[in-house]
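For the record, the sequence lines run as chains A and B. Just so we're aligned, residue 0 is where the first sequence starts under numbering that gives the first Met the number 0, counting upward by one. Just so we're aligned, residue 0 is where the second sequence starts under numbering that gives the first Met the number 0, counting upward by one. Ideal Cβ placement from N, Cα and C applies to all residues, glycine included. Note that this is a predicted model, so its numbers are computed, not measured.
Protein chains: 2
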Amino acid sequence: MTQKAIFYHAGCPVCVAAEDKITEVIDRNRFELEIVHLGDAPKRIDEAAANGVESVPALVIDGTALHINHGADLSALR
Amino acid sequence: MTQKAIFYHAGCPVCVAAEDKITEVIDRNRFELEIVHLGDAPKRIDEAAANGVESVPALVIDGTALHINHGADLSALR
Numbered sequence: 000m001t002q003k004a005i006f007y008h009a010g011c012p013v014c015v016a017a018e019d020k021i022t023e024v025i026d027r028n029r030f031e032l033e034i035v036h037l038g039d040a041p042k043r044i045d046e047a048a049a050n051g052v053e054s055v056p057a058l059v060i061d062g063t064a065l066h067i068n069h070g071a072d073l074s075a076l077r
Numbered sequence: 000m001t002q003k004a005i006f007y008h009a010g011c012p013v014c015v016a017a018e019d020k021i022t023e024v025i026d027r028n029r030f031e032l033e034i035v036h037l038g039d040a041p042k043r044i045d046e047a048a049a050n051g052v053e054s055v056p057a058l059v060i061d062g063t064a065l066h067i068n069h070g071a072d073l074s075a076l077r
């Protein structure tokens, strides 16, 4: 059974670099990875915040937010 | 052939939480993961810095440092 992982980003250079690495290292046999561009899907900003995301890029696994480097604060995307 | 990934941390609560998730998601078939506690191995702080690490916890892959959340600045460990 695969678990769900969500990578939230905003298309910034820091986000793209992190996305490259995360998509490279994550075990796709065990994790289903969804990539969400919050600039394109602003309605999902609240969902990201509810998942504990404070800045992007961030990876949410099992309800735990891992902030990976720092591109932009979530508040700057609203 | 496996690639090398190095997770640097300092035993802090933020580090431990990140370590749990990173060791869970990383594809061990493609990545050999080394975990380095910089408190126990202070001689490797310079190596971490050379890999672009500015704070812990951080994951270095292919020479790219991903800072995951924020536990402590590297300078605080010297």
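Check, Outcome
"Indicate whether A:Ala71 and A:Ser54 have their beta-carbon atoms separated by less than 8 Å.", "yes"
"For the segment 18–27 of chain A against the segment 23–33 of chain B, do three or more pairs of beta-carbon atoms, one drawn from each stretch, fall closer than 8 Å, so that the two count as touching?", "yes"
"Pull up the distance between the alpha-carbon of A:Phe30 and that of A:Ala57, whole angstroms please.", "16 Å"
"Is it the case that the Cβ atoms of B:Glu33 and B:Ile60 are separated by a distance below 8 Å?", "no"
"Need the endpoints of the alpha helix (DSSP H) that B:Glu18 sits in, please.", "12–24"
"When you compare each of A:Asp45, A:Gly38, A:Thr63 to A:Gln2 by their alpha carbons, which one comes out closest?", "A:Thr63"
"What would DSSP say about B:Leu73, mapped onto helix, strand or coil?", "helix"
"So if I threshold CB-CB distances at 9 Å, which residues from the segment 4–28 of chain A count as touching chain B?", "Ala4, Ala16, Ala17, Asp19, Lys20, Ile21, Glu23, Val24, Ile25, Asp26, Arg27, Asn28"
"Kindly indicate which three-state DSSP category B:Glu46 falls into: helix, strand or coil?", "helix"
"In chain order, what residues of the same chain have a beta carbon less than 6 Å from the beta carbon of A:His66, not counting five sequence neighbours either side?", "Ser54, Ala57"
"For a contact defined as C-beta to C-beta under 9 Å, what are the partners of A:Asn68 on chain B?", "Ala64, Leu65, His66, Ile67"
"Going along the segment 42–62 of chain B in order, which residues come within less than 7 Å of chain A, judged by CB to CB distance?", "Ile60"
"Could you please give the first and the last residue of the uninterrupted beta strand (DSSP E) stretch that includes B:Glu33?", "30–36"
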